[in-house]
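A short write-up of the structure that comes next.
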Amino acid sequence: TSLGRAGFGGSLDGMWPYSYDSCDVGTLPNQTYPGTATPLAAVQNGDPSNGGVLSFLPGQRLSACTCPGESHPGPVRANGSYVGRAAPEIDVFEATIDGAVGKVSLSSQWAPYNANYNWLNTTDNLILYDPVKTVLNSYKGGVYQQTTSGLSVANQDCYELEKGCFSTFGFQYKPGFDNAYITWINDDKPAWTIMVAGMGADPQTEISARPVPMEPMYIIANLGFSLNFGSINFDQLVLPAVMSIDYIRVYQPKNAVNIGCDPAAFPTAQYIQTYSNVYTNPNITTWKEAQQPWPKNRLQTGSC
1 TSLGRAGFGG
11 SLDGMWPYSY
21 DSCDVGTLPN
31 QTYPGTATPL
41 AAVQNGDPSN
51 GGVLSFLPGQ
61 RLSACTCPGE
71 SHPGPVRANG
81 SYVGRAAPEI
91 DVFEATIDGA
101 VGKVSLSSQW
111 APYNANYNWL
121 NTTDNLILYD
131 PVKTVLNSYK
141 GGVYQQTTSG
151 LSVANQDCYE
161 LEKGCFSTFG
171 FQYKPGFDNA
181 YITWINDDKP
191 AWTIMVAGMG
201 ADPQTEISAR
211 PVPMEPMYII
221 ANLGFSLNFG
231 SINFDQLVLP
241 AVMSIDYIRV
251 YQPKNAVNIG
261 CDPAAFPTAQ
271 YIQTYSNVYT
281 NPNITTWKEA
291 QQPWPKNRLQ
301 TGSC
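Counting along the sequence shown from 1, when you hit position 197 you're at 197 in the UniProt record's numbering, and nothing is skipped either side.
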């Protein structure tokens, strides 16, 4: 997204991976009410690697709860409240292996989180077009993100050291609420779909519905690996490795063309200019390191 730049932690702090436009506990640090360990679902049955706590996020920095007059890119609603802004993420694919089989994780990342990272994956909200080839990923998230992911078998011939053919990946999405959705494509065929109702309100964590990302987003293609994503077999890894990209294309309906990183409904340019250091200096890893105050949130005692 434009308001968050990958690799520039200061720009992402309190922004990624939120997709949220409500003013409630979902905007607060750790998804808990100030000075309390409530709701219970925010402190129990969360990330097993972190004592069951659900979230370590610092809260949504530019939320719908932001106090009037605080630094916020807008827009402002007729009632004076801000539109919640953030840096969401949809992944075309991330590569992984299952034994000797090459697979892709087709995913989107979300905040705030459902209890136990369980989205409403009912048959109405989840479509698996070929359940033999694509399954719902058992990994659902951790303290830094909730993930909705389909694990799909890739075309085995298209790896660099196999036949090296090209395989078409992509996603189609309709932003917002109502009939919004994301459909991922693997090897030129639909793999799976999430309907936005799957990210509806969660009474256990006391959060509201999360829209399919409405923010202007930029496209990033990178070849990297991480021990956080899975164990790496360095002994058998052939380096240097090459990921060849033949083309990247964006299609939009003729009646809904929306290009650019500073649209009227989601302005970004002035905010980025104001805080240009966090978007250009990768050594600023938090908003605090940028020596900027965190915008006041009206749910926090004595804020506005």
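Even glycine gets a Cβ: it sits at the ideal position worked out from N, Cα and C.
Close CB contacts of Gly7 within its chain, under the 7 Å cut and outside five residues either way in sequence, are with Pro282 (chain order).
Burial state of Thr193 is buried, judged by a 10 Å Cβ sphere holding 16 or more other Cβ atoms. Following the DSSP letters along the chain, one finds Tyr279 inside the alpha helix (DSSP H) bounded by residues 276-280. Taken through DSSP and simplified to helix, strand or coil, Thr27 comes out as helix. Nearest to Phe266 by C-alpha distance, out of Ala201, Val43, Asn114, His72, is His72. The C-beta distance from Phe171 to Ile248 rounds to 12 Å, too long to meet the 8 Å contact threshold. Taking a cut-off of 8 Å for Cβ pairs, the segment 202-215 and the segment 111-127 touch, as three or more such pairs fall below it.
DSSP places Leu12 inside the alpha helix (DSSP H), whose first and last residues are 9-12. Rounded to whole angstroms, the Cβ separation of Ser19 and Tyr218 is 16 Å, and the two are not in contact under 8 Å. For Asp98, the uninterrupted beta strand (DSSP E) run begins and ends at 89-98, by DSSP. Under the 8 Å Cβ criterion, the segment 44-51 does not count as touching the segment 119-134, having fewer than three qualifying pairs.
About 6 Å separates the CB atoms of Tyr181 and Lys174; that is less than 8 Å, so the two are in contact. DSSP lists Tyr181 as the beta-bridge partner residues of Met195. Within its own chain, the residues whose Cβ lies closer than 8 Å to the Cβ of Ile245, once the five positions on either side in sequence are excluded, are Ala221, listed in chain order. Rounded to the nearest whole angstrom, the C-alpha separation of Cys304 and Cys65 is 10 Å. Under the three-state reduction of DSSP, Asn121 is assigned to coil, being neither helix nor strand. The count of Cβ pairs closer than 8 Å, one atom from the segment 228-236 and one from the segment 253-260, stays below three, leaving the stretches out of contact. Only buried fits Cys23, as 16 or more other CB atoms lie within 10 angstroms of its CB. Partner residues in the beta bridge of Ala111, as assigned by DSSP, are Tyr18. Cα atoms of Pro29 and Cys261: separation of roughly 28 Å, rounded to the nearest angstrom. The segment 158-172 makes no contact with the segment 118-128, as fewer than three CB pairs between them are under 8 Å. In the DSSP assignment, Ser71 falls outside any beta strand (DSSP E), carrying neither H nor E. With contacts defined by Cβ atoms closer than 9 Å, Pro68 and Gly59 do not form a contacting pair.
As computed with DSSP, Phe171 is found in a beta bridge with Trp184.
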